[in-house]
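Protein chains in written order, with the working numbering: chain A, 60 to 282; chain B, 60 to 282.
The C-beta atom is built at its ideal place from N, Cα and C for all residues, glycine as well.
A short write-up of the structure that comes next.
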DNA sequence: CAACCATTCAATAAAATTCTTGAATAGTTG
DNA sequence: CAACTATTCAAGAATTTTATTGAATGGTTG
């Protein structure tokens, strides 16, 4: 026979664990990570994560039931988005925890980064100084729509898949700092490698847009 | 055929989700919550959570594999403890997230708190002022060993199950502020009700010891 | 080093999660 | 309002997670 206190705890922990359980799946983690950038349609999320539409939808339902994402309609499409900043905060602290304690994660990241031999990353403070001094080209290599929804102040947009053909738009004399989504987004590594190989002075900022914005550093949006 | 980028992501998200998965179980959440107070033996944890020893051990293995807890031996016993502050931080942000978005949690807590009709809680700042002014009795109602391992500066220890028999040690003239482990610990509600019924001027501080300590507010330990 | 004790392991059954497939649904647009 | 289309649902098989039981382990103590 259970006491009232026991029942209370059972209820609370059962409910709280639902939130953690909703986050406790690789695909859903990736979805959260993506949605931190802004709203996306099911189809986009599916393509990005390499899942079938039906499966993606199912995972999105799980996240929706856990109140981690919400929907809004626009034309024929349904856009999914995080329900609040605290969702991103929780995901961040889980990511930090994982990256601090999980050697497999550390190894995977190190290994992947080593594949490119780009130098050290620019810190956020450093980049802020450079932006304010105006002596740097800040390059956003994410897909264009993500750039439009919000980017680092004065950044220019050249999505990675257009970089080769549009590389002439950049100057070889000025320092270039490239960024993408965040610490797990490797677009920036490819970009910096490409630029360096062709004689540009390129470095990376690997915190990404979201963390920049959360620091309260200057951002802008188009449209 | 998967690209290198896809494989990298699969690895990273799979590993990161293991951490979240380890947290995504009611029993394990309760264990983390308890271990935030300090190290405990398997037997204590089992008794506290109402599980069998074997089952508790199994859950502890899961947490250990996820690097969320570590063990240390003392005599015949094995003590489990959190591997670091960031484990508590992640658990806190999940709890905050759950409490913000999950109506069932909110309802359970409200309902349980309503059962007692104690007034509003004292805030941490308020309590700090009172402690420094010295015009308050701070009462720690947790089990005695938790008190010894760390408590609010100048607090006295009367575990809840001894409160009735030792109530005379307290003064009816001075204000009493009781606390226990944290926002999910309801010992404090019982204590304040008991005290109020018998004519003591009692209020509750429901952030608990851990959050007090994390703010850097003054603490002490015995032995 | 033998006895003891806390803890873990192993095996199993029950329950929950996951992915796939193909059909159903519900907005939107002409 | 009919046709279209993005998204969801439903069913089922495969896998994983969980609790229980009873036996095994391995460190400590006399």
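The criterion of a C-beta distance shorter than 8 Å is satisfied by residue 76 of chain B and residue 84 of chain A. For residue 103 of chain B, no chain A residue has a Cβ inside 8 Å of its Cβ, as the nearest lies near 16 Å away. A residue is called buried when at least 16 other Cβ atoms come within 10 angstroms of its Cβ; residue 228 of chain A does not meet this threshold and is exposed. Look at residue 168 of chain A: its C-beta is under 8 Å from a C-beta on chain B. Residue 232 of chain A counts as exposed, since fewer than 16 other beta carbons sit within 10 angstroms of its beta carbon. A contact is defined here as three or more CB-CB pairs under 8 Å, and the stretch 167-175 of chain B fails this definition with respect to the stretch 206-215 of chain B. By the Cβ test, the stretch 187-203 of chain B is in contact with the stretch 212-222 of chain B, since at least three Cβ pairs between them sit closer than 8 Å. The three-state secondary structure of residue 232 of chain A, taken from DSSP, is coil.
For residue 65 of chain B, the enclosing alpha helix (DSSP H) stretches over residues 63-82.
Shown here, residue 175 of chain A sits in coil according to DSSP, grouped into three states, outside any helix or strand. Short of 7 Å from the beta carbon of residue 126 of chain B, and not among the five residues preceding or following it, lie these beta carbons of its own chain, in chain order: 142. Rounded to whole angstroms, the Cβ separation of residue 266 of chain B and residue 183 of chain B is 6 Å, and the two are in contact under 8 Å. Here DSSP, grouped into helix, strand and coil, assigns residue 111 of chain B to coil. Residues of chain A with a Cβ closer than 7 Å to the Cβ of residue 146 of chain B are, in chain order, 156.
Contacts between residue 65 of chain A and chain B, judged by CB atoms closer than 8 Å, involve 109 in chain order.
Residue 264 of chain B and residue 164 of chain A have their C-alpha atoms spaced approximately 40 Å apart. Our two residues, residue 140 of chain A and residue 175 of chain A, have alpha carbons roughly 32 Å apart in a direct line. In this chain, residue 126 of chain B is not harboured by any beta strand (DSSP E), its DSSP state being neither H nor E. Around the CB of residue 178 of chain A, fewer than 16 other CB atoms lie within 10 Å, so the residue is classed as exposed. The C-beta of residue 194 of chain A has fewer than 16 other C-beta atoms within 10 Å across all chains shown, which makes the residue exposed. Among the residues facing chain B, residue 230 of chain A is not included, as its CB has no counterpart in that chain under 8 Å away.
Along the stretch 202-236 of chain B, there is no position whose C-beta sits under 9 Å from a C-beta of chain A. Along the length of the stretch 126-210 of chain A, whole beta strand (DSSP E) runs at least 3 residues long occupy 128-133, 136-141, 196-199, reported in chain order. As DSSP reads the structure, residue 237 of chain A sits in a beta bridge with A:198, A:263. Taking the beta carbon of residue 118 of chain A as reference, no residue of chain B falls within 9 Å; the closest one sits roughly 12 Å away. For residue 250 of chain B, the uninterrupted alpha helix (DSSP H) run begins and ends at 246-256, by DSSP. For residue 91 of chain B, the uninterrupted alpha helix (DSSP H) segment begins and ends at 85-94. Going by beta carbons, residue 154 of chain B and residue 122 of chain B fall outside the 8 Å limit. Scanning chain B for C-beta atoms nearer than 8 Å to the C-beta of residue 171 of chain A yields 63, 67, reported in chain order.
In this chain, residue 213 of chain B is not harboured by any alpha helix (DSSP H), its DSSP state being neither H nor E. Closest by C-alpha distance to residue 269 of chain B, out of B:107, B:97, B:80, B:65, is B:97.
Residue 130 of chain A counts as exposed, since fewer than 16 other C-beta atoms from the protein chains shown sit within 10 angstroms of its C-beta. The beta carbon of residue 268 of chain A does not come within 8 Å of any beta carbon belonging to chain B, so the residue lies off that interface. By the CB criterion at 8 Å, residue 137 of chain B and residue 108 of chain B fall outside the cutoff.
At a cut-off of 8 Å between beta carbons, residue 72 of chain A contacts chain B. Within chain B, the C-beta atoms nearer than 8 Å to that of residue 126 of chain A come from 160, 161, in chain order.
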